[in-house]
Structure formats: C-alpha cells, structure tokens
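Visitor:
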Amino acid sequence: MAEGTGDVRKVFICTTTQNYFGLMSEPWDQPLLYNSLEINNFLDDGNQMLLRVQRSDAGLSLSNTIDFGDTKDKVLVFFKLRPEVITDENLHNNILVSSMLESPINSLYQAVRQVFAPVLLKDQEWSQNFDPKLQNLLSELEAGLGIVLRRSDTHFSKLKVREDDTRGILTPSDEFQFWIEQAHRGNKQISKERASYFKELFETIAREFYNLDNLSLLEVVDLVETTRDVVDDVWRQTEHDHYPESRMLHLLDIIGGSFGCFVQKKLGTLNLWEDPYYLVKEHLKAAISICEQWVIVCNHLTGQVWQRYVPHPWKNEKYFPETLDKLGKRLEEILAVRTIHEKLLYFLPASEETIICLARVFEPFTGLNPVQYNPYTEPLWKAAVSQYEKIIAPAEQKIAGKLKNYISEIQDSPQQLLQAFLKYKDLVKRPTISKELMLERETLLARLVDSVKDFRLDFENRCRGIPGDASGPLSGKNLSEVVNNIVWVRQLELKVDDTLKIAEALLSDLSGFRYFHRSAEDLLDQFKLYEQEQFDDWSREIQSGLSDSRSGLCIEANSRIMELDPNDGSLKVHYSDRLVVLLREVRQLSALGFVIPAKIQQVANIAQKFCKQAIILKQVAHFYNSIDQQMIQSQRPMMLQSALAFEQIIKNSKAGSGGKSQITWDNPKELEGYIQKLQNAAERLATENRKLRKWHTTFCEKVVVLMNIDLLRQQQRWKDGLQELRTGLASVEAQCPLTWQSKWEGPEDPLQYLRGLVARTLAIQNWVDKAEKQTLLSDTLDLSELFHPDTFLNALRQETARAMGHSVDSLKFVASWKGRLQEAKLQIKISGLLLEGCSFDGNRLSENQHDSPSVSSVLPCFMGWIPQGAYGPYCPDECISLPVYASAERDRVVTNIDVPCGGNQDQWIQCGAALFLKNQ
C-alpha cells in the first residue's frame, strides 16, 4: 500500500473524485493523488480552505485556488465550513463538495434555483427565520443570474445575445421570459419590435405554463391544443425575421418535458393500484391524451406542415419527443393492467374473487413507482408485469371459457360481435384468452373482411355522383363539392382505418389476416387517390377560371367596387360569391393538408385582402335591394327623402375632393370613407323605418286597448287613451300622408266613429242582458250591432253542433224568408240587412227600376245551421249565394247565404248583387 493510503480523509477525497469523474474502469495514478501536496495542504493546514480537482485531456490536476479559465473542463471543488485541520471526527461535518459545469454563472444559478431558493423561500421552517429583505435579494439574485445566463454566448465573459444559445432555457417559462427581456433590453428598435411580437404570441400560454402545477389534467389537455396553435403562429409569422429552427426544436423539447413532469406529478398523488378504478382510469386517460397529443403535434408540425411552409421551411428531420412517447406507452400499460384486473373481477363470481386477491395481484409492483419512466426503471417494470401475468394466469383460463360462451351467443349478429370484442379488447389481447377464442376471432375477421367489401362497394357506387343525391357522396353543411367529397372519403378512411386497427390489435396472428390487411390497405390507397384526383380537378378548374373574366374569380384592384344593374335596378358588388367560396375552399383544403398552387393562393390572398370591405358592401347592397320589402307599403312615401339620399350616395361613388374618379379596391382610404358614408345613410334609413314601424305597431296596440274599454263605465280611461293616440299621431303628422291615415278602420270623422262605437257598446250590453235571461235567440237580432258578427255566427255553429251531436264541418249555413227552419236545432231571426244591385221582396230577386234606390232594406229572415245532407228551405237551382259584407265598403265578408232568384244566377252576378250590414 502506498504511503497515506490508510488515511480515511484521503480515501474520502480520492473516492469522491473517482466517482465524480467516472474513473472506475480507467487507469489513473491513485498513489500520486494520495501524496499530492495540494491535498495535504487542504487537510492539514487549517487556513487552507479550498481544494480544486480538474480533469482534462492531460489527466487530473489539483490546486488550492480556482483560476478564471478553469471552467472549460469539469471541476470538482472541496471547501471547508470552518478554518480547521481536517480530522476523522470533523471530516463529514466540515467539508462541502460542489461541482462546476459550463460556467460559474450557470453553476451558481442552478444551485440557487434548484437548492437554496426552494429551501429558504418555500420551506415553512426556514422561511420564517429568514429576513424578508434577504428573501427579496435571493429572488433578485436568481432572476438576475437567469437574465445573464439567457443573454450570454459561449464565452461567458462576453454578454451579448445569441438566439441559438439555449443553455439558460430550461422550462417554457424561461423562453417566454427571454423574449420579455429582449423586448425591453434589445440593442436595436427592430429587434425590440420582433421580440415584442413573439412576447405577445407567447402571452396566450405563458400564464398557464407558469401555473402549470395548479392546473388539472383536463385543463392541460386543452393547453396542448392551445400551445400547438401558438408555436405554429410563431413559426409561420412573416412580419419579422424568422424564429430560429434550433431554438424552436429546443422549445418543443422543453414543452414536452414540462408536460411529462406535470403528468408524473399529478399521477403521483394517486395510488394507481388501490384507488377506485374509475378515478384511476379517468386520470390515466387524460394523462395519456396529453402525451399522445403532444407527440402528434410535434410529428405533424415538423414532419408535414412546417416542411411544406415555403416562407420558412423546417430543414431538419421531424422532431419526435421519444421520452414523452415512451411515458405515454408506460401509462397505457398501467391502464391495461388495471383494466384487465377490473374485467376479471367482473367475469368471476363472488365466490371466486379470492383467486384475484388485490394484495397478491399487485404485489409485484410494490416499491416501484410506475409513472417514473426511464431506461433504468424499464427492466424493473417489465419484471413486475411478468410476475403479475403469472399470478392472473389461472383466472384468465376460467375467464376464457366464460367469454367464449358469451360470444357464441351473439356471433350471428356482426354488430354485436364487433361490440363485444371492442368491449373486452384488453382481455382478448391476453395470449391465453386469445388462443381459446381462436374460432370466434376467425368469425370476427370474416365479418371485418365483409365490412371492407361493403366500404369499397359503397365508395364505388357514390364516388362519381353529386353530393346529397341518393347515388352520390353524403353531404355536409357549408361545404363546397370538392371539400365535401374529400371530407366524405376521409370519413370512409377513418372507418377502414379503425377496422384495420381492431384487426391488428386482436387478429394479427390469424392466417387470413394478411389478405384482410392487403385488401384494407388497397382500399385506403384508392381513397387517397380519389382525394388527390378531387383536389387536382379543383386546381385545374380554378386556374382555368382565373383567365376567364366571367368566372367571378378575377378581382382587379383598380376596378369599380359596385354599380346599379341597368336591367332591374338592383345594386351589385363587384366581388362575386364565387370568390367567397374560393376563400373558404382554400382555407378548408389547407386545413385538410393540401398544398395550394401558388396562383390560386395569390388570388386568395388578394381576395382575403378585400374580403372585409366586400362583406360590408354586400350587406349594404342586400339592404338596398330588400328595404322596400321591409317597409309597410303605406309608409313608403314617408321615407322618400332618406331613400333618395341613400340612392344618391350609391350613384355618386367618386373619389377625391373633386370627385372625378371612381372609387376602386386599391384605394383603401377612399374606400373606407365611402363605406362609412354608405353605412351611415343605410343606418339612417333603417332607423327611420324601424321608428315608423314601431309607431304603427304602437298605434295598433292603443286602438286595441281602446276597443276593450267600456265607454259607459270607463269614460276617463277612454279619454286618456284617445289623447295618447292623438299625441303619437301628432309626432309623425308631418310625414304622415292622408292615404296612410285613412288606412285606419272607421270613418275619417272621429265623432261619427265614436258614435258607432258607443252604439255597438250599448247594443252589446243589451245582448248580454238578453243572453243572461235566455231570451237572446227568441228576439229579432241585428248583426250590425256586433263588432265581429262572424264570430257570433261561428259560436252559433258550435252550439248547434254540440246540441245535434254532429261535427262542426258537417253543418251548412242557410237563411229562410218563408218562416222558421224545420231542420235547425238552434236558429236566430235577423234584421238590418241591406241589399245593393237589385231588389228583394222576400220571395225572389228582381231588377232595379230607374227610380229604385241603389240600396234597399231586406225583410227579416231566419238563419241557422243544418246538416249538409238536409234539404234547405229553397231549391239550390233557384238560388244564388250572395256575400254578406260588414259594411258598404265591401272590405270584410261576414258570411254567405243562399237567396231565391228564380234561376239565371249570372244575371245577378253581373249586376253586382251583395248584402251588407247597416251602419251604426
């Protein structure tokens, strides 16, 4: 043994050095290290506080000082707490060991961030005794070191920004903070603007990542999608210099690392083997979704979308977050273990549950944290799973028999058979159960082969048809034909792909699987070829239309924006609906993964540039073309001036102060001003129309209220309501033409109208008194005393039908001047009828003489409702059906009655014979 090799102190120094630098299997000069002067000084001299050990290509070197340039290699430092000679007793109480990597700034920053700040700021015991000022200083030190580290280049002595240096970016929050700092401390204004732009984009997710540990699993599932949109926007932006590819690669990696750590922390709060299955399943599925979705995001963006993005293409291979992917697969295995166990418990009767004792089943996983995935834990996990499978093997054998019996009962129903296999997929995957269900799986494979054939037949029958037709692709909402066809075939792809996945998971060992797999893959290739054909046909059609001015796809920046059609006077905007459809198609096809040809994309960009203004102009044009339908006809003259002013603005669409040139699309300032004028004029007209329509409705409501007032008992209420009506009319009297006022029901003389109203009110009160005394139907009645005589006749019809036990539709209305109606159960005697166009003596109609009055009274008659099959008082061939109007204006029919005329009905029609009620 070399001198000093028995010194415990030197053994500690040498062993620590050997372990740190990985010198276990390498030859190294241990005796020389034991006899080193620097080690002796550090151990034996109480004033020597430090020992530095550094490894370089030349070997190990020791020193009692730290030089400025030492950090280019790994450095291990031993230093004392107190200036004492090191002995066996104080060896482990007085020596601290620290390492230094990359730079002293990075080493100090990581030590403060990972060790001292959490202890002194977050630990309850230490933070209570730590001065608040010192806590602030420690926080400022951590933040300051982070800033320096994020801004330093490879040589730590030169503090300048290098965006490809990501050593200080350990979390997404560090990246967000980097751009915040650059926005405030950038050297050039353009750099500050660029950093501010990135900072604003990242603000969408910055708060969520800063508080990541406080979010739920489901909230982080949503955060994955939001993060995808943000990084995509950052990569695609073209307003500033591109985001560096190496930095984006690092950002994707640390985001995936943050998601992985979050998942492990959240699942670490559960007992995955003993907590309720529904709770474990819910958490695991959300965690698996987080891992899977971020893997998909990275593959899709770096493997497809960004590689095809011409302004800023992704040049490296696609990024694949391998660690997160394997963590997701580990979580799937955990879920499978719990699911299998739950299925076994479901199938086994209560008496056999002891076979699967929970304590024994999950015993192999004792002491193993299943969510901590890394290459070192993987062998331990596989060994535990293997032991678990041995334990459940006897139970699986029993389950296989029961599952076989269950499936045999439903195998004649393809849908139920498929659902059964999907429901117990985790059990069927088990080798023991899979072997026992060989015949059943063969049956399922045959069913899947048939389903692929059905998909192929359905596709071939529909692929050339028109969307929505019985023989065409199924149609969706707001989709053009090309997009609809591609979406339809994508849905078929998903169905075939799902069928293929089921077969791969459960049937891959069967002899017929290869034929099925080849058939399904061929069909998927056929689908993809159809997709591409649809897109290519669309591209050719659009590019052909670009050279045809009549196609509606051409928009010239210097063309007029709108004009009045000389044929029908309608307002047309020179921005076709086909352009709007094209924009939607380009957006949807891009989202479906197609690369839009440059010419079409250029036209879409131009159309998108003017789309906002075009939509506003189309709204104005629609208003102009349909405003006449929105107006009440009698109110149109009242809005003539506003309508003419609106039309004048449309006709005089001139630009500039002199108004010499037409306003065109490429003059945004003039266009915005013109649109504002149009909108203001349209709004004035629309406001005026709404105001007048509102007054119209208000007047109607007030009149209805007046009609329901008892003039005998509520005279003051009548006067108040009438005054309100007059006040309202006065407010629009200047605009209100006489023809509009005459549309109100009743005479133009209000006094005459009121007299008629009072007369009817008094008469109705008299009718009510007779009805209460049950003498109404025995007296002679005058229908002109009623506001709604037709309602009274209908009520009589209903009462007659009820009394006779007939339906209402089986009765007909008749009148008799011969006497009472024999067939009528209920009848009334009516007076007050007037006849115009001829005369009537109670027996038959006769022509008027030269001295006959134009209107004559009609004798009272009996009226009532009788069955359709019953004979009336007169022969139908000798009668004419005359209308009974509510007034001489003939604007409202009350009913129709048969009047004896002696034949020759055309004669009385030509002379305009009609009955009406007398005026009150």
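For the sequence shown, UniProt numbering assigns the number 1 to the initial residue and increments by one for each residue that follows.
Beta carbons: idealized from backbone N, C-alpha and C, even for Gly.
Where does Met-100 sit, in a helix, a strand or coil, going by DSSP?
Guide: In the structure shown, Met-100 sits in a strand (DSSP, three-state: E or B).
Visitor: Among the residues of its own chain, which have a CB less than 7 Å from the CB of Ser-539, if the five just before and after it don't count?
Guide: Closer than 7 Å at the Cβ level, and outside the excluded window around Ser-539, lie Pro-597 and Ile-600.
Visitor: Report buried or exposed for Ile-880, applying the criterion of at least 16 other Cβ atoms within 10 angstroms of its Cβ.
Guide: By the 10 Å Cβ count, Ile-880 comes out buried.
Visitor: Use the C-beta contact count for Ser-103: other C-beta atoms within 10 angstroms, 16 or more gives buried, fewer gives exposed.
Guide: Ser-103 is buried by the Cβ-count criterion.
Visitor: So, Leu-583 versus Ala-607, is the Cβ gap smaller than 7 Å?
Guide: A contact, by the Cβ cut-off of 7 Å.
Visitor: Quick one: what's Thr-780 bridged to in DSSP?
Guide: Note: Thr-780 sits in a beta bridge opposite Lys-829.
Visitor: Mind listing, in chain order, the continuous alpha helix (DSSP H) runs of no fewer than 4 residues lying wholly within the segment 173-246?
Guide: As far as the segment 173-246 is concerned, its whole alpha helix (DSSP H) runs of at least 4 residues are 189-210 and 217-236.
Visitor: Starting from the N-terminal side, write out each stretch of the beta strand (DSSP E) that is 3 residues or longer and does not extend beyond the segment 477-554.
Guide: Entirely contained in the segment 477-554, not one beta strand (DSSP E) run reaches 3 residues.
Visitor: Check whether the Cβ atoms of Ala-400 and Glu-436 sit closer than 7 Å, and answer yes or no.
Guide: Cβ atoms of Ala-400 and Glu-436: closer than 7 Å.
Visitor: With DSSP run on the structure shown, which of helix, strand or coil describes Phe-862?
Guide: Here Phe-862 sits in strand by DSSP.
Visitor: Sort out for me which residues DSSP pairs Asp-898 with in a bridge.
Guide: Partner(s): Ser-881.
Visitor: Return the Cβ separation of Val-371 and Leu-217 in integer angstroms, given the expectation that the two are a contact with Cβ distance under 8 Å.
Guide: Actually they do not touch by this definition, with Cβ atoms about 13 Å apart.
Visitor: Considering only the alpha carbon of each residue, which of Gly-903, Ser-196 and Asp-57 lies closest to Phe-21?
Guide: Selected option, being the one with the closest Cα: Asp-57.
Visitor: Pull the bridge partners of Ile-95 from the DSSP assignment, please.
Guide: DSSP output for Ile-95 lists Lys-80 as bridge partner(s).
Visitor: Would a C-beta distance cut-off of 7 Å place Lys-818 and Ala-803 closer than the cut-off?
Guide: Not a contact, by the Cβ cut-off of 7 Å.
Visitor: Roughly how many angstroms separate the alpha carbons of Asp-232 and Leu-523, rounded to a whole number?
Guide: So the alpha carbons of these two residues sit roughly 33 Å apart.
Visitor: Near Val-595, which residues of its chain fall below 7 Å by C-beta distance, leaving aside the five closest residues on each side in sequence?
Guide: The residues are Arg-308.
Visitor: Taking only three categories from DSSP, how would you classify Val-814?
Guide: Val-814 falls in the strand class under three-state DSSP.
Visitor: Does the segment 182-201 come within contact of the segment 219-229, defined as at least 3 CB pairs closer than 8 Å?
Guide: Because the criterion of three Cβ pairs below 8 Å is not met, the segment 182-201 and the segment 219-229 do not touch.
Visitor: Could you give the distance in angstroms between the alpha-carbon of Glu-140 and the alpha-carbon of Arg-113?
Guide: Between Glu-140 and Arg-113, the C-alpha separation is close to 11 Å.
Visitor: With distances taken Cα to Cα, identify the nearest neighbour of Phe-646 among Asp-412, Gly-168 and Leu-564.
Guide: Checked all of Asp-412, Gly-168 and Leu-564; the closest Cα to Phe-646 is Leu-564.
Visitor: Val-620 and Leu-678 - do their beta-carbons sit closer together than 7 Å?
Guide: Contact: yes.
Visitor: So the candidates are Phe-610, Leu-457, Lys-199 and Gln-543; which of them puts its Cα closest to the Cα of Ser-576?
Guide: Selected option, being the one with the closest Cα: Phe-610.
Visitor: Start and end of the beta strand (DSSP E) containing Ala-914?
Guide: Per DSSP, Ala-914 belongs to the beta strand (DSSP E) from 914-917.
Visitor: Would you mind working out which of Gln-868, Cys-875, Ser-857 and Lys-429 sits nearest Ala-888, comparing C-alpha positions?
Guide: Measuring from the Cα of Ala-888, the nearest candidate turns out to be Ser-857.
Visitor: Buried or exposed: where does Tyr-896 fall if 16 or more other Cβ atoms within 10 Å of its Cβ makes it buried?
Guide: The question names Tyr, but residue 896 is Asn in the sequence shown. Classification for Asn-896: exposed.
Visitor: Under a three-way DSSP split, which group does Lys-660 fall into?
Guide: Reliability fails at Lys-660, whose pLDDT of 49 lies under 50, so the model's placement of it is uncertain and the value that follows must be treated cautiously. It is coil, neither helix nor strand.
Visitor: What does the Cβ neighbour count give for Arg-82, buried or exposed, with the cut at 16 atoms within 10 Å?
Guide: Exposed, by the Cβ-count rule.
Visitor: Following the continuous alpha helix (DSSP H) through Val-428, name the residue where it begins and the one where it ends.
Guide: Where Val-428 is concerned, the enclosing alpha helix (DSSP H) stretches over 425-428.
Visitor: For Arg-890 and Ile-830, I'd like the C-alpha separation in whole angstroms.
Guide: Roughly 20 Å between the two C-alpha positions.
Visitor: Between which residues of its own chain and Trp-908 is the CB-CB distance below 8 Å, once the five residues before and five after are set aside?
Guide: Only Gly-837, Cys-838, Leu-845, Ile-880, Leu-882 and Cys-901 meet the Cβ criterion.
Visitor: Leu-811 and Arg-797 - do their beta-carbons sit closer together than 7 Å?
Guide: Yes, the Cβ-Cβ distance between Arg-797 and Leu-811 is below 7 Å.
Visitor: In the DSSP assignment, find the unbroken beta strand (DSSP E) run with Gln-54 in it and report its ends.
Guide: From DSSP, the beta strand (DSSP E) with Gln-54 extends over 50-56.
Visitor: Using a threshold of 6 Å, is the CB atom of Ala-384 nearer than that to any non-hydrogen atom of the ligand NAD?
Guide: Because no ligand of any kind appears in the structure shown, any question about the ligand NAD cannot be addressed here.
Visitor: Quickly, what does DSSP pair Phe-840 with across the bridge? List them, please.
Guide: In the DSSP output, where bridge partners are listed per residue, Phe-840 has Leu-845.
Visitor: Looking only at its own chain, which residues have a Cβ that is under 6 Å from the Cβ of Pro-853, when we skip the five neighbours before and after it?
Guide: For Pro-853, where only same-chain residues beyond five positions count, there are no Cβ hits under 6 Å.
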